[in-house]
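Here my numbering runs 2 ahead of the position in the sequence shown, where the first position is 1.
To start, the structure under review is shown below, and the notes come after it.
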Amino acid sequence: MKTLERLRALARDAESKILLYVIDGVGGLPHPETGKTELEVAATPNLDAFALKSATGRTQPAGVGVASGSGPGHLALFGYPNLEIDLPRGVLEVLGATKVYHNGEATEGTFELRATDLTARGNFATVNEKLIVTDRRGGYPTTEQNEALIQRLSSEIRIDGVELFFFPGKQHRFAIAMRGEGLRGARLTDTDPQQTGLEVRPPKPIGEERPRAVALIKELMSKVHDVLGTSEPNYCLLRGIGTAPDLPSLEALYRIRAGAFAVYPMYRGVARLVGMEIIATDDRAAQIEQIKRHFDDFDFFFVHIKEPDAWGHKGDFDGRVSEMEKVDEHFGALAALPFDVIAVTGDHSTPTVIGDHSHHPVPTMVWSKNCLNDEVATYTERSVATGTLGTIAARDLMAYLLAEAGRFNKFGA
Numbered sequence: 003m004k005t006l007e008r009l010r011a012l013a014r015d016a017e018s019k020i021l022l023y024v025i026d027g028v029g030g031l032p033h034p035e036t037g038k039t040e041l042e043v044a045a046t047p048n049l050d051a052f053a054l055k056s057a058t059g060r061t062q063p064a065g066v067g068v069a070s071g072s073g074p075g076h077l078a079l080f081g082y083p084n085l086e087i088d089l090p091r092g093v094l095e096v097l098g099a100t101k102v103y104h105n106g107e108a109t110e111g112t113f114e115l116r117a118t119d120l121t122a123r124g125n126f127a128t129v130n131e132k133l134i135v136t137d138r139r140g141g142y143p144t145t146e147q148n149e150a151l152i153q154r155l156s157s158e159i160r161i162d163g164v165e166l167f168f169f170p171g172k173q174h175r176f177a178i179a180m181r182g183e184g185l186r187g188a189r190l191t192d193t194d195p196q197q198t199g200l201e202v203r204p205p206k207p208i209g210e211e212r213p214r215a216v217a218l219i220k221e222l223m224s225k226v227h228d229v230l231g232t233s234e235p236n237y238c239l240l241r242g243i244g245t246a247p248d249l250p251s252l253e254a255l256y257r258i259r260a261g262a263f264a265v266y267p268m269y270r271g272v273a274r275l276v277g278m279e280i281i282a283t284d285d286r287a288a289q290i291e292q293i294k295r296h297f298d299d300f301d302f303f304f305v306h307i308k309e310p311d312a313w314g315h316k317g318d319f320d321g322r323v324s325e326m327e328k329v330d331e332h333f334g335a336l337a338a339l340p341f342d343v344i345a346v347t348g349d350h351s352t353p354t355v356i357g358d359h360s361h362h363p364v365p366t367m368v369w370s371k372n373c374l375n376d377e378v379a380t381y382t383e384r385s386v387a388t389g390t391l392g393t394i395a396a397r398d399l400m401a402y403l404l405a406e407a408g409r410f411n412k413f414g415a
């Protein structure tokens, strides 16, 4: 992390304000019939007008040829060397949760995760007597049923030597945290076989041996099975099992007060991991309202838009086109606020023709009063490829934004 230390030494205070507008999974590919991408089909007058006055280009979230997960993709956008950081999904889910059950009692609010807490993201599931998975989502319980299950597990399960924390989620999803000795730095493989008809995978250490962590995860899964019995769901599958990395905050690195305006828990989680203050927002209208309300409170505003990624995973080209037109309206409202630097990008590409994250570069635009704008007049994958920003590593974007905002001193004499 030598580059971070160098940037920390250059950082200085300023009055400027930065908006990082992240459209999850925004990059697409041509439709096989029309030859056009979703961005090329969608009517996005605000994004196109912004392109005309911006430096445009592309970002690579995890290097050439590598498809990035959402967690690493966001770490890169915040300026961290994501390829050097192991970031378990369980950590993000726990950090982003707003309700926790401990010994059967619920507490509202964020959870203060410790570096020694072992976390995991869970799915309620159904297995047969041989632990063969018959339903990876446990009959799709409702969110209300999910919370009832979580309360029951929290009330009935005890494991010697550790405290258990359960975090309800939507439908079949939840998260857990274990607090005890000997868990710092643990990282385990997923127990989810990723398809039905296969046996639950035993957790195994990634890297050095972690017998205590392995034993605790096995005991937890067994006790969940004992409590739920033969009902549906009757088991849990765990993914992203591990402890949190130790990262310096954005304020410590860049001397900025950062606020996160994200609707979904995971993205609140990655923002909390780097020290952002989470401002509660339930939808896009609330994002606009809260940013206006807190405009004087922050130097850096992280806005996350999830839905384009969801349409990408569904493989719904037309749905994503329609969604991008709604995103355009939302962006227009925020771009009208008196920010000094505005960036539009994504954490990775999720083309509908693939239906998953892909390695393709992410279309990106940056505006400031001193930016070198280009002749690009539309926000599309092909048009921005010719822009003055070029194709850069996503982890370098943050430094570029800070420089445009006048927040770096000169390097060297």
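Each residue gets a CB set at the ideal place from its N, CA and C atoms; glycine is no exception.
Point to revise | Check whether residue 16 and residue 270 have beta carbons under 8 Å apart | key: Sequence index remark: in the sequence shown, residue 16 carries index 14 (1-based). Sequence index remark: in the sequence shown, residue 270 carries index 268 (1-based). For the pair residue 16 and residue 270, the CB atoms are not nearer than the 8 Å cut-off.
**Study point:** Simplified DSSP state of residue 213, which is helix, strand or coil
**Key:** The residue you call residue 213 lines up with position 211 of the sequence shown. In this structure, DSSP gives residue 213 a helical state, which the three-state scheme calls helix.
Check your understanding: Excluding five sequence neighbours on each side, which residues of the same chain lie with their C-beta closer than 8 Å to the C-beta of residue 245?
Key -> For this step, residue 245 is matched to residue 243 along the sequence shown. Setting aside the 5 residues that flank it on each side, residue 245 is surrounded in the same chain by 90, 93, 117, 118, 119, 120, 121, 185, 186, 187, 188 and 189, each with a C-beta closer than 8 Å to its C-beta; the list follows chain order.
Review point. So which of 62, 407, 162 and 81 has the shortest CA-CA distance to residue 251?
Key: Your numbering for residue 251 matches position 249 in the sequence shown. For residue 251, the nearest C-alpha among the options comes from 81.
Point to revise | Given 8 Å, three or more beta-carbon pairs between the segment 326-343 and the segment 351-360 | key: In this structure the segment 326-343 does not touch the segment 351-360; the number of beta carbon pairs closer than 8 Å is below three.
Point to revise | Reduced DSSP category for residue 47 - H, G, I as helix; E, B as strand; rest coil | key: Within the sequence shown, residue 47 is the residue found at index 45, counting from 1. Helix.
Check your understanding: Tell me, which residues are paired with residue 279 by DSSP?
Key -> Here the question's residue 279 lines up with position 277 in the sequence shown. 261.
Check your understanding: CB of residue 202 to nearest heavy atom of the ligand ATP: below 7 Å?
Key -> As presented, the structure is devoid of all ligands, the ligand ATP included, so that no description of it is given.
Point to revise | Where residue 398 sits in the DSSP three-state scheme | key: As a position in the sequence shown, residue 398 is number 396, starting the count at 1. Note: residue 398 maps to helix in three-state DSSP.
Review point. When the Cβ atoms of the segment 362-374 are set against those of the segment 19-37, are three or more pairs found closer than 8 Å?
Key: Contact holds: three or more Cβ-Cβ distances are below 8 Å.
Practice item. Kindly list the residues whose CB is nearer than 7 Å to the CB of residue 12, restricted to its own chain and excluding five residues on each side of it in sequence; keep chain order. Key: Stepping through the sequence shown from its first residue, residue 12 is reached at position 10. Only 410, 411 and 413 meet the Cβ criterion.
Check your understanding: Is there contact between the segment 97-116 and the segment 377-384, where contact requires at least three CB pairs shorter than 8 Å?
Key -> Result no; under three Cβ-Cβ pairs closer than 8 Å.
Exercise for review: Along the alpha helix (DSSP H) that carries residue 294, what are the first and last residues, could you check?
Suggested key: Here the question's residue 294 lines up with position 292 in the sequence shown. Per DSSP, residue 294 belongs to the alpha helix (DSSP H) from 286-295.
Check your understanding: Who are the near neighbours of residue 302 in its chain, counting only those whose CB is closer than 6 Å to its CB and skipping five residues on each side?
Key -> As a first step, residue 302 must be located in the sequence shown, where it is residue number 300. Taken in chain order, the residues that qualify are 20, 258 and 260.
Check your understanding: Can you round the beta-carbon distance between residue 127 and residue 256 to whole angstroms, since I take them to be within the 8 Å contact cut?
Key -> As a working note, residue 127 is residue 125 in the sequence shown. As a working note, residue 256 is residue 254 in the sequence shown. Their Cβ separation, rounded to whole angstroms, is 42 Å, which puts residue 127 and residue 256 out of contact at 8 Å.
**Study point:** Residues bridged to residue 367 (per DSSP)
**Key:** Within the sequence shown, numbered from 1, the residue matching residue 367 stands at position 365. Beta bridge pairing from DSSP links residue 367 with 58 and 346.
Review point. In or out: residue 68 buried (at least 16 other Cβ within 10 Å) or exposed?
Key: Counting from 1 along the sequence shown, the entry for residue 68 is found at position 66. With fewer than 16 other CB atoms across the displayed protein chains lying within 10 angstroms of its CB, residue 68 is exposed.
Practice item. Identify, in the order they occur along the chain, each residue of the same chain with its Cβ nearer than 7 Å to the Cβ of residue 45, setting aside the five sequence neighbours on each side. Key: What you label residue 45 is simply residue 43 of the sequence shown in a count that begins at 1. For residue 45, same chain residues with a beta-carbon under 7 Å away, outside a window of 5 residues either side, are 327 in chain order.
Check your understanding: Should residue 202 be labelled buried (16 or more other beta-carbon atoms within 10 Å of its own) or exposed?
Key -> Counting from one through the sequence shown, the residue named residue 202 turns up at place 200. Around the beta carbon of residue 202, 16 or more other beta carbons lie within 10 angstroms, which makes this residue buried.
Exercise for review: Could you check what DSSP says for residue 128 in three-state terms: helix, strand or coil?
Suggested key: For the purposes of this step, residue 128 is identified with residue 126 of the sequence shown, where counting begins at 1. Here residue 128 sits in strand by DSSP.
Point to revise | Length of the line joining the Cα atoms of residue 207 and residue 217 | key: One-based indexing of the sequence shown puts residue 207 at position 205. One-based indexing of the sequence shown puts residue 217 at position 215. Each residue's Cα considered, the two are about 11 Å apart.
Review point. Helix, strand or coil for residue 101 per DSSP?
Key: Taking the first residue of the sequence shown as position 1, residue 101 is located at position 99. Residue 101 falls in the strand class under three-state DSSP.
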